[in-house]
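K.L.:
Residue numbers (the numbering used here), protein chains in the order written: chain G, -15 to 410; chain V, 1448 to 1872.
As structure tokens, then:
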């Protein structure tokens, strides 16, 4: 038996999970799904592309090149005794990793040999091995990856918007960095970032599937290296409320214009609570979900198609509501959205629509318990923001019309940015 | 598997796939029609218009209001290519009744909703309504125009068009902009009637238990439709060897090029017949341990991505890569070199064993995704009795090194499609 502190979370829909804390500060979330054949495991760190300036244990602040978190993710797969992919190849697991604005995650899924795979995961994430030669080679591969994104209109339309929305917040920079910034990366910088952010006290493990909680915890207890916890101070971000400009466009090889309309939210604290996120998600469904009057109008007038979508985009020190899609008339769509927000501010919304949308979102939340991968990803959110996985279900039963309408304050029409990708002229 | 199939009418079957691990049920209607240039656009519009409104839910917002009330029941539509056929798929996924707050019969209502949309659309005087047809035509045109924006998908599509020029399989699954423009309210009505009377139909139910009376009700509904001409079996032509390799290069204003290569294979058919082709493609370019990934991408840095996949029913292999223009020729010869290595059997035991394990591991995970199970069976319509993922795992484990070498030997380059930056860049 292991000696970790454990807490059991249960829900009325028959699902439960355990949160355990290792003495190093590592948090471990485990949800057993015995009726499933497969399992999904994630070993992650609270370290993403926006963590470009930081200090460790009260030391001096350092600023590192943009794109280094993603670069480090690529390099960590290599160890002195070969790369992690070939180790997984022996077990048949399927492995991957990703870096986003605020996290880096290493993951695998398998339907057999789970404990062997977990051993591989624990081992390679804790064994950095960087040399000047391997760094050099990676600069070539990542350079190509960056160039690939330069051709991707859906990627460009989003980052062009973020560049105009934020003056200094690093969320405005591509996750992979730029060809210039990654050229500055060397092995000593990689070790510096690794030693700061890949400390167990800044990390989490989330596992869902056909596994035994106690057996997993014992294995993790033995597999986590004994290192002293660190305190990390992330650089302060002085981001004004204003945007850089309200409009940006670029020409690319597309058939129809693509757009991204973002409303920069005035925020008073670094993070949003789960209740705010749930309420804003409901509000967005009411404003422009597929049962809304606006959606039907835009669709029947030929202004949007099935690619139209919206999201609440939020993380440390940033929050925005984003509408995106393809349209022959992006400016008209942006005006229609702003008009609808203004109308709802005055007139409110149909309460029947509110309760239908709430019912729909409750069903969606239940549906999400079907997927071991989706659940593991959501447990990562729990680890990042200290949520309880079942809180969303409770909120979707209890939030009121007024709770949701109050969130109309996320829209600051003066600080909105419209980004458009137009077709090149032939 | 045979006991899972219920005959509903001529050329129409119900397939119950029992699975007790999900919170939801999925019911899908899968209509299969021959893929032809003249009808591809018309047929492809059907799943979308039928799931956008119906006689009981005349507007999009009314239909979606109802779906929200059914606890976010998800209605999906797609038009896919399955061998030489078009698959018109419409499905509903709904949470199980036990999760409702007031004991509503969700599954029953969701099935009734989907059935009414398919069999009782919003029509007048033997024609769909113009507002609906125009909306769906516009969306279809925008979709086809939009394919060019994502170069990787576009390049793959162009390879298929060039490789199967003049053949049914070369026809785009959604038709062309011109054939979409030609659609009228009446011609679409005719296509809908043709789908109901002629298409091979498989209704998949993935659920904890079979919804009571579902197949009987459907059988009754189908008995009122004249299905004398209904298709009862699907058969697809295997890919013929090319007399000489065809190369097509198109230039676009892009930073990075795409290189897609199509090969004919001597193995074409169901999962059992083509099991060795699956393993061969996986070792060649399927996973991180594959020859293309480790050599062409990692060791030689010639491509950002480089992978191989097989279309078993057609006996076709596709290699798909993203390359810098300057490296394109080098990448192409290295890809062919790796295939020669496969043919000579110079792949390692490690690669062979990793591949078998990797494929079996992912087949064993199939039953953990309800959506994947439904898709799995809808892609097996050529087989009278479709194999389950577990059965296919059995075929894979029986594949030998010699089988893989034979599968590689049967692969022959057919067509090369290059999408390259403008020469002046």
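Using N, Cα and C, we set each Cβ at its ideal position, and we do this for glycine too.
Where does residue 2/G sit, in a helix, a strand or coil, going by DSSP?
P.N.:
Residue state, collapsed to three classes: strand.
K.L.:
Using the three-state DSSP reduction, which class does residue 1586/V fall into: helix, strand or coil?
P.N.:
If DSSP states are grouped into helix, strand and coil, residue 1586/V belongs with the helices.
K.L.:
Distance check for residue 1604/V and residue 1449/V, CA to CA, integer angstroms please.
P.N.:
Note that residue 1449/V has pLDDT 46, beneath the 50 cutoff, so the model's placement of it is unreliable and the number below is only indicative. Rounded to the nearest angstrom, the two C-alpha atoms are 35 Å apart.
K.L.:
Using the C-alpha atoms, what's the distance from residue 38/G back to residue 175/G?
P.N.:
Distance between the alpha carbons of residue 175/G and residue 38/G: 14 Å.
K.L.:
What residue from 307/G, 239/G, 229/G, 108/G has the CA that sits closest to residue 64/G's CA?
P.N.:
That would be 108/G, whose Cα lies nearest to the Cα of residue 64/G.
K.L.:
Using 10 angstroms around the beta-carbon of residue 1810/V, count the other beta-carbons present and answer buried if the total reaches 16, otherwise exposed.
P.N.:
Buried.
K.L.:
Are the C-beta of residue 1872/V and some C-beta of chain G separated by less than 9 Å?
P.N.:
Reliability of the predicted coordinates at residue 1872/V is poor, the pLDDT of 41 falling under 50, and no value is obtained from them.
K.L.:
If you count every other CB in all the chains shown that lies within 10 Å of the CB of residue 19/G, and 16 or more means buried, which is it?
P.N.:
So residue 19/G counts as exposed.
K.L.:
Mind checking who residue 233/G pairs with in its DSSP beta bridge?
P.N.:
Its beta-bridge partners are 404/G.
K.L.:
Under 9 Å, do residue 1537/V and residue 1498/V count as touching if we go by C-beta distance?
P.N.:
In this structure, residue 1498/V lies closer than 9 Å to residue 1537/V by Cβ.
K.L.:
Beta-carbon separation of residue 1577/V and residue 1502/V under 9 Å?
P.N.:
No; because the gap between Cβ atoms is not below 9 Å, this pair is not in contact.
K.L.:
Along chain G, which residues have their Cβ under 8 Å away from the Cβ of residue 1772/V?
P.N.:
What residue 1772/V touches in chain G: nothing, since even the nearest Cβ is about 11 Å away.
K.L.:
Tell me which residues share the same chain as residue 1679/V and place their Cβ nearer than 6 Å to its Cβ, disregarding the 5 neighbours each side in the sequence.
P.N.:
The residues are 1458.
K.L.:
Mind checking which residues open and close the alpha helix (DSSP H) that includes residue 1462/V?
P.N.:
Note, residue 1462/V: premise wrong, no alpha helix (DSSP H); beta strand (DSSP E) at 1459 to 1465.
K.L.:
Taking a Cβ distance cut-off of 9 Å, strictly less, list which residues of the region 324 to 350 of chain G are near chain V, in chain order.
P.N.:
Answer set for the region 324 to 350 of chain G: 336, 337, 339, 340, 341, 342, 343, 344, 345, 346, 347, 348, 349, 350.
K.L.:
At which residues does the alpha helix (DSSP H) containing residue 344/G begin and terminate?
P.N.:
That run of the alpha helix (DSSP H) goes 335 to 351.
K.L.:
Once DSSP output is grouped into helix, strand and coil, what is the label at residue 1704/V?
P.N.:
In this structure, residue 1704/V counts as strand in the three-state DSSP scheme.
K.L.:
Are the C-beta of residue 125/G and some C-beta of chain V separated by less than 9 Å?
P.N.:
Chain V, which has a Cβ nearer than 9 Å to the Cβ of residue 125/G, makes this yes.
K.L.:
Can you list, in chain order, the stretches of the beta strand (DSSP E) that have 3 or more residues and sit fully within the region 159 to 239 of chain G?
P.N.:
Listed in chain order, they are 187 to 193, 216 to 218, 231 to 236.
K.L.:
Under 7 Å Cβ-Cβ, which residues of chain G neighbour residue 1471/V?
P.N.:
Neighbours of residue 1471/V on chain G, chain order: 351, 354.
K.L.:
How long is the line joining the alpha carbons of residue 307/G and residue 1514/V, rounded to whole angstroms?
P.N.:
For residue 307/G and residue 1514/V, the distance between alpha carbons rounds to 22 Å.
K.L.:
Can you find the residues in the same chain that come closer than 7 Å, C-beta to C-beta, to residue 1463/V, ignoring five residues on each side of it along the sequence?
P.N.:
These residues qualify, in order along the chain: 1451, 1652, 1657.
K.L.:
Once DSSP output is grouped into helix, strand and coil, what is the label at residue 1747/V?
P.N.:
Residue state, collapsed to three classes: coil.
K.L.:
Counting along the chain, where does the alpha helix (DSSP H) carrying residue 277/G start and finish?
P.N.:
First-last of the alpha helix (DSSP H) with residue 277/G: 277 to 284.
K.L.:
Relative to chain G, which residues along the region 1700 to 1717 of chain V have a C-beta separation below 8 Å, given in chain order?
P.N.:
Per Cβ criterion, the list reads 1700, 1701, 1702, 1703.
K.L.:
Run down chain G in chain order and give the residues with a C-beta less than 8 Å from the C-beta of residue 1779/V.
P.N.:
Within chain G, no residue comes near residue 1779/V; the closest Cβ sits about 17 Å away, beyond 8 Å.
K.L.:
Looking at residue -12/G: is its Cβ nearer than 9 Å to the Cβ of residue 5/G?
P.N.:
Cβ atoms of residue -12/G and residue 5/G: closer than 9 Å.
K.L.:
What would DSSP say about residue 369/G, mapped onto helix, strand or coil?
P.N.:
Looking at residue 369/G - three-state DSSP - the assignment turns out to be helix.
K.L.:
If the cut is a Cβ gap below 9 Å, which residues of chain V does residue 137/G touch?
P.N.:
Simply 1596, 1597.
K.L.:
In whole angstroms, give me the CA-to-CA distance for residue 23/G and residue 381/G.
P.N.:
Looking at the two C-alpha atoms, the distance is approximately 30 Å.
K.L.:
For residue 213/G, count neighbouring Cβ atoms within 10 angstroms of its own Cβ and tell me buried if that reaches 16, exposed if not.
P.N.:
With fewer than 16 Cβ atoms within 10 Å of its Cβ, residue 213/G is classed as exposed.
K.L.:
Compute the Euclidean distance between the alpha carbons of residue 1706/V and residue 160/G, then round it to the nearest angstrom.
P.N.:
Computed Cα separation, rounded: 24 Å.
K.L.:
Exposed or buried, which one is residue 1531/V when buried takes at least 16 other CB atoms within 10 Å?
P.N.:
Buried, since its Cβ has 16 or more Cβ neighbours within 10 Å.
K.L.:
If distances are taken between C-alpha atoms only, which option among 95/G, 126/G, 151/G, 41/G comes closest to residue 1745/V?
P.N.:
Per the Cα distances, 126/G.
K.L.:
Can you find a CB in chain V that lies within less than 9 Å of the CB of residue 238/G?
P.N.:
Yes, residue 238/G counts as interfacial toward chain V.
K.L.:
Give me the DSSP bridge partner(s) of residue 1693/V.
P.N.:
In the DSSP output, where bridge partners are listed per residue, residue 1693/V has 1862/V.
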